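Numbering (the working numbering), first residue to last: 6 to 71.
In this text, a Cβ means the ideal position worked out from N, Cα and C, and glycines have one as well.
Bear in mind the structure is a predicted one, so any value in this text is a computation, not a measurement.
Following: one structure in structure tokens, then a few remarks.
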């Protein structure tokens with residue numbers, strides 16, 4: 006992972022992509038931020054627990070942010 010990307014987060018809308026059961030899926034989130042520095046590179050993504058994307062992230066542990 007290129008940690009320089011974390012420095013480019015700004016306020017706005019983010020597309021959070023996930024691996025769905027029947028293929029890729031995504032949702033829009035308005036809050037994404039870095040919560041720990043290198044080497045952990047952890048980020049926080051805020052979304053409803055009732056969101057389908059949340060269930061996919063819990064199941065696979067994989068997501069993308071654009």
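For residue 64, the three-state secondary structure derived from DSSP is helix. The beta-carbon separation of residue 36 and residue 48, rounded to 10 Å, does not stay under the 8 Å limit for a contact. According to DSSP, residue 19 shares a beta bridge with 34. By the neighbour-count criterion, in which a residue is buried when 16 or more other Cβ atoms sit within 10 angstroms of its Cβ, residue 61 is buried. Ranked by how close their Cα comes to the Cα of residue 24, the residues 42, 32, 7 have 32 in first place.
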